[in-house]
Amino acid sequence: MIAGSPLSPDLLLIVGAGLLGLLVGSFLNVVVHRLPRMLDAEWRAQCAELEGREPPAAPRYNLWLPRSACPACGHPLRERDNIPLLSYLWLRGRCAFCSARISPRYPVVEALAGGLAALVAWRFGWGAAGALALVLVWFLIAAAAIDLDTTLLPDDLTLPLLWIGLLANVWSVYVPVTDAVLGAVAGYLALWSVYWLFKLATGKEGMGYGDFKLLAALGAWLGWKLLLPIVLIASVVGAVVGIALIALQGRGRETPIPFGPYLAAAGLIALLFRDELAAWLPL
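For the sequence shown, the numbering used here assigns the number 1148 to the initial residue and increments by one for each residue that follows.
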């Protein structure tokens, strides 16, 4: 943890990380919006190939092309419409061309990416641990937002996150590599076991395979000792939110509630407050 005086290098790091986070948050909004659509198009093309059909022709669509546009009217956005947070405030949450309401998710993702980046810089300071923690934070934000939208956790996010965590801990950036490998294995098997026990008992699926992979990735980053607190925190928060949604919105018990966002939030808490958790739990 660092505490900088005015204009100190540490304070500049915190401010710089926050500004970088805002820019990355704008890109994360693109990932959250486009990656599920890219995967859907890929799956449809694969199905067509398996059935011996030509995949439907489609314009080039990826994280870079075409330019960002209003989802309502399709008008390409100008550079000044893409300034993180400020554009949303300046436009009062509406499209500059058709006045359609812009989802508040966009500034929320940008604010989270920037605020958490500043918090990581304050917590870790200069060095590999801080730089890699930024990567983990931004991956988790994107994964959580996609899971909220689609109830899916794409392998394109969870698997790279798993491998980056293992590679980082080859040099023991967060935990010894043995703890990282055990964390990855135990993280996957823990939720896999819960999934099958629940399915055998009820005949229903209680969670998706993406949750197994996300917890495995968190285990690879933070080690096996933090898996229990991560699962406990995620479960308690998920239960409280689920009960609140049922009580306040009348949401049925059968309505699926994605678990990924709660795992991501618990993982961030474990990353940022590992020492405090270690003092509270026998880690």
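Where a beta carbon is used, it is the ideal one built from N, C-alpha and C, also for glycine.
Length of the line joining the Cα atoms of residue i and residue j
| i | j | result |
| --- | --- | --- |
| Lys1360 | Ile1393 | 28 Å |
| Trp1269 | Gly1165 | 10 Å |
| Ser1155 | Glu1196 | 59 Å |
| Leu1259 | Ile1288 | 8 Å |
| Gly1370 | Asp1157 | 28 Å |
| Gly1407 | Ala1188 | 23 Å |
| Glu1198 | Ala1192 | 10 Å |
| Trp1310 | Phe1286 | 13 Å |
| Pro1203 | Trp1190 | 12 Å |
| Lys1351 | Arg1227 | 48 Å |
| Pro1218 | Ile1380 | 35 Å |
| Leu1281 | Tyr1342 | 31 Å |
| Ile1249 | Cys1242 | 6 Å |
| Leu1159 | Leu1419 | 20 Å |
Buried or exposed by the 16-neighbour rule on C-beta atoms within 10 Å, applied to residue i
| i | result |
| --- | --- |
| Gly1221 | exposed |
| Arg1421 | buried |
| Gly1357 | buried |
| Thr1305 | buried |
| Lys1372 | buried |
| Val1387 | exposed |
| Ala1246 | Here residue 1246 turns out to be Ser, not Ala, going by the sequence shown. Result: exposed. |
| Ala1251 | The displayed chain sequence assigns Pro, not Ala, to residue 1251. So Pro1251 ends up on the exposed side. |
| Val1383 | exposed |
| Pro1301 | buried |
Endpoints, the alpha helix (DSSP H) within which residue i is located
| i | result |
| --- | --- |
| Arg1252 | 1252 to 1271 |
| Val1322 | Note, Val1322: premise wrong, no alpha helix (DSSP H); not H, not E. |
| Ile1230 | Counting along the chain, Ile1230 falls outside any alpha helix (DSSP H), and DSSP gives it neither H nor E. |
| Thr1298 | Where Thr1298 is concerned, there is no enclosing alpha helix (DSSP H), given that its DSSP letter is neither H nor E. |
*Meets three-Cβ-pair contact criterion under 8 Å: the segment 1159 to 1174 and the segment 1222 to 1234*: yes
_Three or more C-beta pairs below 8 Å linking the segment 1328 to 1335 and the segment 1269 to 1278_ = no
*Evaluate contact between the segment 1352 to 1367 and the segment 1306 to 1320, counting only Cβ atoms and requiring at least three cross-stretch pairs below 8 Å.*
yes
*Which runs of the alpha helix (DSSP H) fall wholly inside the segment 1402 to 1428 and span at least 4 residues, in chain order?*
You should have 1407 to 1419, 1421 to 1427.
*Kindly provide the ranges of any alpha helix (DSSP H) runs that are 4 or more residues long and lie completely inside the segment 1172 to 1214, ordered along the chain.*
Annotation note: the segment 1172 to 1214 contains no uninterrupted alpha helix (DSSP H) run of length 4 or greater.
*Should the segment 1176 to 1184 be regarded as contacting the segment 1203 to 1216, the criterion being three or more beta carbon pairs within less than 8 Å?*
yes
*Enumerated in chain order, which unbroken segments of the alpha helix (DSSP H) with a length of 4 residues or greater are wholly contained in the segment 1341 to 1397?*
1356 to 1369, 1374 to 1396
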